[in-house]
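Residue numbers (the numbering used here), protein chains in the order written: chain A, 1 to 437; chain B, 438 to 874.
No residue lacks a Cβ here, since even glycine has one placed at the ideal position from N, Cα and C.
In this text the structure is predicted, and so the values were computed from the model without any measurement.
Worksheet for the structure shown next.
2 protein chains.
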Amino acid sequence: MRWSQYFLPTLKETPAEAQIASHRLMLRAGMIRQSSAGIYAWLPLGLRVLRKIENIVRAEQNAAGCIEMLMSTLQPAELWRESGRYDAYGPEMLRFTDRHEREMLYGPTNEEQITEIFRASVRSYRQLPRLLYHIQWKFRDEIRPRFGVMRGREFLMKDAYSFDLDRAGAIRAYNKMFICYLRTFEKMGLKAIPMRAETGPIGGDLSHEFVILAETGESEIAYHRDLGSFNLAQAAIDYEGDLQPMVDSFTAKYAATDSERDPVREAALGDALVTGRGIEVGHIFYFGTKYSKAMNAVVAGPDGEESAVEMGSYGIGVSRLVGAAIEAFHDDSGILWPEALAPFRVGLINLKADDAACTAGCERIYQDLLTRGCEVLYDDRPERPGVKFADMDLIGLPHQIIVGPRGLAKDLIEVKDRRTGARIEMTTEAAVAAVAG
Amino acid sequence: MRWSQYFLPTLKETPAEAQIASHRLMLRAGMIRQSSAGIYAWLPLGLRVLRKIENIVRAEQNAAGCIEMLMSTLQPAELWRESGRYDAYGPEMLRFTDRHEREMLYGPTNEEQITEIFRASVRSYRQLPRLLYHIQWKFRDEIRPRFGVMRGREFLMKDAYSFDLDRAGAIRAYNKMFICYLRTFEKMGLKAIPMRAETGPIGGDLSHEFVILAETGESEIAYHRDLGSFNLAQAAIDYEGDLQPMVDSFTAKYAATDSERDPVREAALGDALVTGRGIEVGHIFYFGTKYSKAMNAVVAGPDGEESAVEMGSYGIGVSRLVGAAIEAFHDDSGILWPEALAPFRVGLINLKADDAACTAGCERIYQDLLTRGCEVLYDDRPERPGVKFADMDLIGLPHQIIVGPRGLAKDLIEVKDRRTGARIEMTTEAAVAAVAG
């Protein structure tokens, strides 16, 4: 993509309303624009990151045997009356009536809707187990939306729902998602710590949240250092096998947020204790028959007896992760994208766009990178080098190629690693090979 | 995908509420489930088709130089007060207030939102032209939603917006989208006829709608037969070149809907006249400065003078196209997917799932097809052949492979073309090669 033909409105000034790094940087890097409080338009650069996250989530959900579908954003109030949550949910639920005065709502989550779909078509244990998911916009009317996409009102979430005949089956589904989540975040370049959690308004008796470390995180966390050193992204996971021992190897280790912390256990851990601040990026729940009983979602077992189906739900905050990743990876100059999430892999800077030889050289490099299938953003604007350096550091692409007329005359261009700041001079050919990946 | 592990709830009975073929078939084929009037959940099979359409639209928009972004579903009322459309839009607009009593709406279209984004960051003609688009859910509170996804309330739409310094530039953008749309529909296996249209509530003085032929279409159409025989899908289009002659070659030919029809011109066409019923699947508008003037979106020209930016908007009904394609392609047994839109390319039917040899043979074919990257749905259910034949015809995959124990013993299996109904016996190897594509 040529910057001159893109839509990438970076800002020099730091917007006054942004209190945290990710919000500031997303606005400055031209990734989002606020539409109203807690509601954002995703500009082209931001959307590319959102899609990278979405695609990693989708690939890992599919690998774990989940089946994708897509529920609507709006739901009828009557569904939530069946489960008893319509009145219980509170003012975070956006309620309204349509032109025929039917009561409706913008879905904050989908337990009721998926239970209705399930009960309408599944009658027998032979059609179990099932894991269904969708990636759809949700709305929660936060009283004080802030922190940009980290605590917005309209947000993109992946939510999966499991259906099993009995508790043992539901725990198998829970374990699949537990391991799948660790892998998913690791594929993004993020280390998520699983923490036992309260079930809150979803209900149930077993729940974990997945928290990534970031200085500006919303809660204080403490955990055994081994939880930060696992490596599942490259492991071959057999999702149909017994995952309980693997899950136990995580849950046996100490990990707690805020109020759950235990000074005695922490003291015993000594050097093995890590503390810091964390951001919740995923949450899984086993809630058994809470919704299936209320909504009469029953299946016949092998003995012909009907019983309420056992369920769980599993959420990942897709749009929140864009902000969370920036909280984890940035410096004073801008964002430091992990390769898996970078909107482009390479930024190509033409230091003298009005120099014919320099522009011809950049053009060759640009085409060469495109031919190799490399995602490259080419800054071909007629701007001063200082502006280009600052903008490229701000948007945080992992690799920069910097081309000026003097170096190019000797076939020497600079390759810069955005994370370390290291710059190396090399030939054009070597530079392209080094960054193309 | 194995049918036994999928979520594909086909229906034997025809749902009483469905009046047209696509609505009936989408419900019966387990593609959608109604959530409330005019609002549907997309079940896994339906979502696959929706994504195929979305991906074709996206690829063709990108090829024409459009840049993707993503605006929110909800918008503040004040934006629409700026353009004067808030009160003008009528009861199709879903209005509500949030918990702080701020007036909001579920976007039925995005002219105001994109104009606000544009004016906030573009100041100079040097940043023009720009073509921005997004693919997002919209809501229009139809008084009597019907015909399934063809006239739903929550629907997925691609809408693009062009920004140019002057009318000539805006017409270039319009022409790009005109040609891009013809290609887009053709890539889906659909022939869309461009027809001069009223601009309606969007405004402006130049507009075309793109209409596909289908017996159950909503309006009567008539056109010169040459309009039905173009072929742009394989052509190399230079979107930066002068497209006016190509556009003229279409617009010079007679084409009209309902009230616009001209009996004199039709009589003169003689044999060249085609009449039928049509479904609108796209609509493009040049509306000039209608929104930019009202909302003060101005750019400085080369002479430093500021002027309101020239705009157009360009819509494709992504979710509607799923229904429209079925209206165009179905028979008494079910859907007849064009290859480009088929949820899976191949349906593999195991006629005797309790026969070990038959199942082992199917398993080999299934793995072979997957290895070749072929999208295959394997009906491994313990159902009678009649049920499997009916279900497979209903969901309309283009190619079927039918495997029974007797044929398999002689290494002979049947390949059926869903559209023609032709069945050919061949060896396993030949069958896999024939359908894999």
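Chain-order list of residues whose beta-carbon lies under 6 Å from that of residue i (same chain, five-residue window excluded)
{"i": "B:A871", "result": "V852"}
{"i": "A:L11", "result": "R28"}
{"i": "A:E425", "result": "L412, E414"}
{"i": "A:G347", "result": "L377, M392, L397, Q400"}
{"i": "B:P446", "result": "G467"}
{"i": "A:A342", "result": "L397, P398"}
{"i": "A:R225", "result": "A272, V274"}
Nearest-angstrom Cβ-Cβ length linking residue i and residue j, presumed shorter than 8 Å
{"i": "B:I716", "j": "B:G654", "result": "5 Å"}
{"i": "A:T257", "j": "A:V211", "result": "7 Å"}
{"i": "B:A514", "j": "B:E540", "result": "4 Å"}
{"i": "A:L131", "j": "A:G38", "result": "About 31 Å; that fails the 8 Å criterion."}
{"i": "A:D393", "j": "A:R2", "result": "Incorrect: roughly 19 Å between the Cβ atoms, too far for contact."}
{"i": "A:E136", "j": "A:T73", "result": "The question names Glu, but residue 136 of chain A in the sequence shown is Gln. A:Q136 to A:T73, Cβ: 6 Å. Contact."}
{"i": "A:L273", "j": "A:A222", "result": "6 Å"}
{"i": "A:K388", "j": "A:I349", "result": "5 Å"}
{"i": "B:M457", "j": "B:F600", "result": "Looking at the sequence provided, one finds Ile at residue 457 of chain B rather than Met. About 38 Å separates the two Cβ atoms, so there is no contact after all."}
{"i": "A:R277", "j": "A:S229", "result": "Actually they are not in contact, since the Cβ atoms of A:R277 and A:S229 sit about 19 Å apart, beyond 8 Å."}
{"i": "B:S441", "j": "B:M587", "result": "About 32 Å separates the two Cβ atoms, so there is no contact after all."}
{"i": "A:M26", "j": "A:I326", "result": "7 Å"}
{"i": "B:R809", "j": "B:A873", "result": "5 Å"}
Residues that DSSP places opposite residue i in a beta bridge
{"i": "A:G373", "result": "Answer is none; A:G373 lacks a bridge partner."}
{"i": "B:P631", "result": "B:F647"}
{"i": "A:Y314", "result": "A:A160, A:I284"}
{"i": "B:A745", "result": "B:V735"}
{"i": "B:E862", "result": "B:E851"}
{"i": "A:Y6", "result": "Answer by DSSP bridge pairing: none, since A:Y6 is not bridged."}
{"i": "B:I772", "result": "B:H767"}
{"i": "B:I658", "result": "B:T694, B:G713"}
{"i": "A:V346", "result": "A:V376, A:H399"}
{"i": "A:T420", "result": "Beta-bridge pairing links A:T420 to no other residue."}
{"i": "B:Y543", "result": "B:L511, B:L531"}
Sequence-distant residues of the same chain with beta carbon closer than 7 Å to residue i, five excluded per side
{"i": "B:L664", "result": "I630, F687, K690, A692"}
{"i": "A:L370", "result": "V376"}
{"i": "B:N612", "result": "L680, Q681, V684"}
{"i": "B:L845", "result": "A794, C795, G798"}
{"i": "B:K624", "result": "I493, E497, A670, A777"}
{"i": "A:A308", "result": "T289, S292, K293, A297, V298"}
{"i": "B:P842", "result": "K789, D792, A794, C795"}
{"i": "A:V432", "result": "I365, D368, L369"}
{"i": "B:A478", "result": "I469, R470, S472"}
{"i": "B:E703", "result": "A659, L710"}
{"i": "A:I53", "result": "M188, V318, L321, V322, L341"}
Contact set for residue i: own chain, Cβ-Cβ below 8 Å, skip 5 residues either direction
{"i": "A:Y133", "result": "Q61, C66, I67, E68, M69, K158, D159, A160, Y161, Y314"}
{"i": "A:R196", "result": "S207, H208, T251, A255, A256, E260"}
{"i": "A:V281", "result": "F185, L190, A192, F210, V211, I212, I316, G317, R320, L321, A324"}
{"i": "B:F781", "result": "M438, R485, E812, V813, L814, L834"}
{"i": "A:E154", "result": "G38, I39, Y40, W137, K138, F139"}
heavy atom of the ligand ADP below 8 Å from residue i C-beta
{"i": "A:F329", "result": "Although the ligand ADP was asked about, the structure shown includes no ligands whatsoever."}
Counting Cβ pairs, one atom from each stretch, are 3 or more of them under 8 Å apart for the stretch 605-614 of chain B and the stretch 545-557 of chain B?
The stretch 605-614 of chain B is not in contact with the stretch 545-557 of chain B.
contact_flag[the stretch 528-546 of chain B, the stretch 718-727 of chain B] where n(CB pairs < 8 Å) is 3 or more
Taking 8 Å as the limit for Cβ pairs, the verdict is that the stretch 718-727 of chain B does not touch the stretch 528-546 of chain B.
Minimum length 4: unbroken alpha helix (DSSP H) runs contained in the stretch 125-174 of chain A
none
Quick one: any contact between the stretch 37-52 of chain A and the stretch 305-323 of chain A, if contact means 3 or more CB pairs under 8 Å?
A contact exists between the stretch 37-52 of chain A and the stretch 305-323 of chain A.
When you compare the stretch 300-320 of chain A with the stretch 331-343 of chain A, are there three or more beta-carbon pairs, one atom per stretch, that lie closer than 8 Å?
no
Below 8 Å, how does it come out for the stretch 339-357 of chain A and the stretch 70-83 of chain A: are there three or more Cβ pairs, yes or no?
Per the Cβ contact rule, the stretch 339-357 of chain A is not in contact with the stretch 70-83 of chain A (fewer than 3 Cβ pairs under 8 Å).
Ordered list of beta strand (DSSP E) runs contained in the stretch 463-532 of chain B, each at least 3 residues
469-473, 476-479, 511-513
Measuring CB atoms only, is the stretch 115-128 of chain A touching the stretch 290-309 of chain A, in the sense that at least three cross pairs come out at less than 8 Å?
yes
Whole alpha helix (DSSP H) runs in the stretch 348-417 of chain A with 4 or more residues, listed along the chain?
356-371, 385-395, 405-409
Ignoring anything shorter than 3 residues, give me the beta strand (DSSP E) runs that lie fully in the stretch 708-743 of chain B, in order along the chain.
710-725, 735-737
In chain order, what are the residue ranges of uninterrupted beta strand (DSSP E) at least 3 long that sit wholly in the stretch 674-703 of chain B?
List check, beta strand (DSSP E) in window: 692-694.
Residues of the stretch 57-82 of chain A whose Cβ lies closer than 7 Å to any Cβ of chain E, in chain order:
Reference to chain E is not applicable here, since the protein chains of this structure are A and B.
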